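Chains A and B supply the protein sequences, listed in that same order. Sequential numbering from -3 applies to the first sequence in the numbering used here. Sequential numbering from 20 applies to the second sequence in the numbering used here. Quick notes on the structure that follows.
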Amino acid sequence: MLRTVKARTAAGKRALKKREPQTIEEAKPAVFIKGTTTSQLVMSVLKDLYSLKRPDAVLFGKRNEVRPFDDPRPLEFFSQKNDAALFVIASHSKKRPHNLVFARTFDYQLLDMVEVGVEKGVPMEMFKTTKSAVGHRPLLVFSGDAWDSTDELRTLKSILLDMYRGATSNDMVNLAGVEHLICITAESAQKVYLRTYTIQLKKSGTRLPRVELEEMGPACDLVIRRCRTADTDLWKAATRVPKELKPQKEKNIERNELGDKMGRIHMHKQDLGKLQTRKMKGLKRGPAEDENEDEEEGQSKKRRED
Amino acid sequence: MDVVAQLQTLKDKYKSTEVEKAIPVDFDLRNLVAFDTNPVDHALLRSSPDTYLKNLAREGAQLLVNQIFGLPTETAQEGVFAKLPDATTQIPRAKPIPKEKALTRWENFAKTKGIQKRKTSRMVYDEGVGDYKPRWGYKGANQTTDDWLLEVPDNADPMEDQYEKRREEKKERVEKNKKQQRRNAEEASATAAGRNPREARKAEIQKKIVESKGSTASLGRFDAQLRNEDKIKIKRGKRKFEPATVDASIEKEGAMKVAKKVLKGEDGKVLNITKAVKQVHQKGGLRNVDMEEGKKKKRRTK
């Protein structure tokens, strides 16, 4: 583990402050790591996944001995060092050819991870089409009925969604920025297809546009390998919602079946003594009467106090 | 021509935006994601994967775009923005929820009294100079020692250096502020540890007294007495000495004990941390590790 350092300069203080936990979090930064041995195929997929995740991503140029299923400590070290929460590690061995590990950390501790093998992969540069601009949020589609069937797929879905959903702290999306789509299809509990397309919005004669797609790349067929689901306690801590973001309970307001708002108001008891009745000239009080009235009122108050 | 028919011809001119799905698709629009749980057609996927997947993606994208373009919009200089609803998918955070900062003594006092912070301007007008100066800090309005002339008060000693006096006063103020900061930090750490700050401070002082008493040769016997000092117990360890002549075997045993400790660690147990982490991790965390496993084996070997 890294030492916890105390800032000596103002710039250092700002840098440390930036790393402090936030109530509303920005997009999680991802680190793309080259393992000790890699194949051309898995590296091309890694680079394409990196370019899809940019600008919240770092691609390590040097090789690193990271085997998160054996020892999570190197990963946790990188998490702290780079202030990153998402990892993709590429490796290639005889036992596990063209291997990718998607891992996620919480509080610089390994939370969950899933390992996939790349069976087939077509890199982005092979598609001679226009690419999406950096920094635009992609649309995501998870199709197939297998997604919720196994822990492996659930974890993979959660991590991929976490990685490519972008900065969700902003509740506005530019409609002109809807540029590309990542479609991930689970054929079975073992096989997953990842395809990426650019979106063209065409006229449809209605207010909504007609969507046409053009393959942008990368396209890869993945097989599920090992998986490590999140520890229950750690998951619980990671999914806690801050008090500020919890919906406020509305007091005394209900909605009926028709969706109408029904309010309940609590009022003081009405003082009928001061009720304004019909004014008539004959009932009008003169100045002398007024004084008497005051005295009487004083007395009545006293009586009430008794 | 009928309006309905006219609309229909206009519609027919373009491809439709409608998509039919057997199971309705779920959306989480804050994350711009659609979950299509309709089963995959395996035969089609095997025969022509690219066209099938592209069609599947187009349908999903069309449904998602229909939803997003149906949201209320706002127009800004950069374009038209859709306002997204709250997220529905549970996704873990990267870091824990920030802890609430402990209030300082002043903040606590202000809270109970209902004193609110007021915004003051950073610059103040200095009449002597005829210009604005920062309220505090470098070349600030409160830098009293910067004055070129200081009046000696009527009842003051004329030989006293007024500049020196102001410098000393400022030093004292700074010291006082530092002391208060330290106290606030100590109190905050005590409260965070679930202790009463007053009790924690008391315990700390008592510990310090005991330490200082024990640090003189006479163990504080001739030191000035503090008030209520007799209530503080001062522990004095008694030194034990081995007898000068013992059996050689006992002496040997002691020496061997030390040697073993140096060579193998405490109790002869050697823990290879890297190996242990690896073993635990490969089993999927501590929860899957049988803690009794190693012990049983040991018994069997005996």
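Built from N, CA and C at the ideal position, the CB exists for glycine as well. All of these numbers come straight from a predicted model, not from anything done at the bench.
Taking the Cβ atoms as the reference, Pro58 (chain B) lies roughly 5 Å from Asp141 (chain A), within the contact range of under 8 Å.
Counting only residues of its own chain and dropping the five nearest sequence neighbours on each side, Arg154 (chain B) has a CB closer than 8 Å to the CB of Thr139, Ser140, Arg141, Met142, Val143, Ala160 and Asn161. When secondary structure is reduced to three states using DSSP, Ser184 (chain A) falls in the coil class, being assigned neither helix nor strand. Put simply, the CB of Leu290 (chain B) is far from chain A, with every gap to its CB atoms at 8 Å or more. The C-beta of Pro68 (chain A) has 16 or more other C-beta atoms within 10 Å across all chains shown, which makes the residue buried. Every candidate alpha helix (DSSP H) stretch fails here, since none sits fully inside the segment 172 to 229 of chain A while reaching 4 residues. With a threshold of 16 other beta carbon atoms within 10 Å, Ser231 (chain B) falls short and is exposed. Rounded to the nearest angstrom, the Cβ distance from Arg222 (chain A) to Glu111 (chain A) is 4 Å, consistent with a contact under 8 Å. Cβ atoms of Leu204 (chain A) and Phe88 (chain B) come within 8 Å of each other, at about 5 Å.
Within the model, the alpha-carbon separation for Val114 (chain A) versus Ala204 (chain B) is close to 53 Å. Taken through DSSP and simplified to helix, strand or coil, Leu48 (chain B) comes out as helix. Within chain A, the residues Gly140 and Asp141 have their CB atoms less than 8 Å from the CB of Pro58 (chain B), given in chain order. Chain-order list of chain B residues neighbouring Gly201 (chain A): Leu29, Lys30, Lys32 and Tyr33, by C-beta distance under 7 Å.
One alpha carbon belongs to Glu16 (chain A), the other to His132 (chain A), and they sit about 26 Å apart.
Against chain B, the CB of Asp44 (chain A) has no partner CB under 8 Å away; the residue lies outside that interface. Residue-level contact check: Pro205 (chain A) touches chain B, since one or more beta carbons of chain B fall below 8 Å from its beta carbon.
In terms of Cα proximity to Asn50 (chain B), the closest of A:Met263, A:Thr273 and A:Gly162 is A:Gly162.
Leu122 (chain B) has a beta carbon lying at 8 Å or more from every beta carbon in chain A. In this model, Lys152 (chain B) and Thr235 (chain B) are separated by some 55 Å (Cα to Cα).
The contact set of Asp103 (chain A) on chain B, defined by CB atoms closer than 7 Å, consists of Lys114 and Pro115 in chain order. Within chain A, no C-beta atom comes less than 7 Å from the C-beta of Leu238 (chain B); the nearest is roughly 38 Å away. Gln96 (chain B) sits in coil when the DSSP states are folded into three classes, being neither helix nor strand.
In the DSSP assignment, Gly113 (chain A) falls within the beta strand (DSSP E) that extends over Gln105 to Val118. Against chain B, a Cβ distance below 9 Å from Asn78 (chain A) picks out nothing, because the smallest value is about 12 Å. For Ile195 (chain A), the chain B residues whose C-beta falls within less than 7 Å of its own C-beta are Ala80, listed in chain order. Within the segment 25 to 53 of chain A, not one residue has a Cβ closer than 7 Å to any Cβ of chain B. Shortest Cα-Cα distance from Pro70 (chain A) to any of A:Val38, A:Ile29 and A:Pro51 involves A:Ile29. Under the DSSP assignment, Thr126 (chain A) falls outside any alpha helix (DSSP H); it carries neither an H nor an E label. Taking Val52 (chain B) as reference, the option from B:Pro115, B:Asp105, B:Ala219 and B:Lys259 with the minimal CA-CA separation is B:Asp105.
Residue environment for Ala81 (chain A): buried (at least 16 other C-beta atoms within 10 angstroms of its C-beta).
With the criterion set as a beta carbon lying under 8 Å from some beta carbon of chain B, the members of the segment 149 to 174 of chain A are Ser154, Leu157, Asp158, Arg161, Gly162, Thr164, Asp167, Met168, Val169, Asn170, Leu171, Ala172, Gly173 and Val174, in sequence order. Under a criterion of Cβ atoms nearer than 7 Å, no residue of chain B is adjacent to Cys216 (chain A); the nearest Cβ is some 12 Å distant. Straight through space, the alpha carbons of Arg224 (chain A) and Ala185 (chain A) are spaced by roughly 16 Å. Taking Phe56 (chain A) as the centre and dropping the five residues before and after it, the same chain places the C-beta of Val27, Phe28, Ile29 and Lys30 closer than 8 Å to its C-beta, in chain order. Closest in alpha carbon position to Ile20 (chain A), among A:Ile220, A:Met263, A:Thr164 and A:Glu148, is A:Thr164. Relative to Ala113 (chain B), the option among A:Ile85, A:Lys265 and A:Thr101 whose CA is nearest is A:Thr101.
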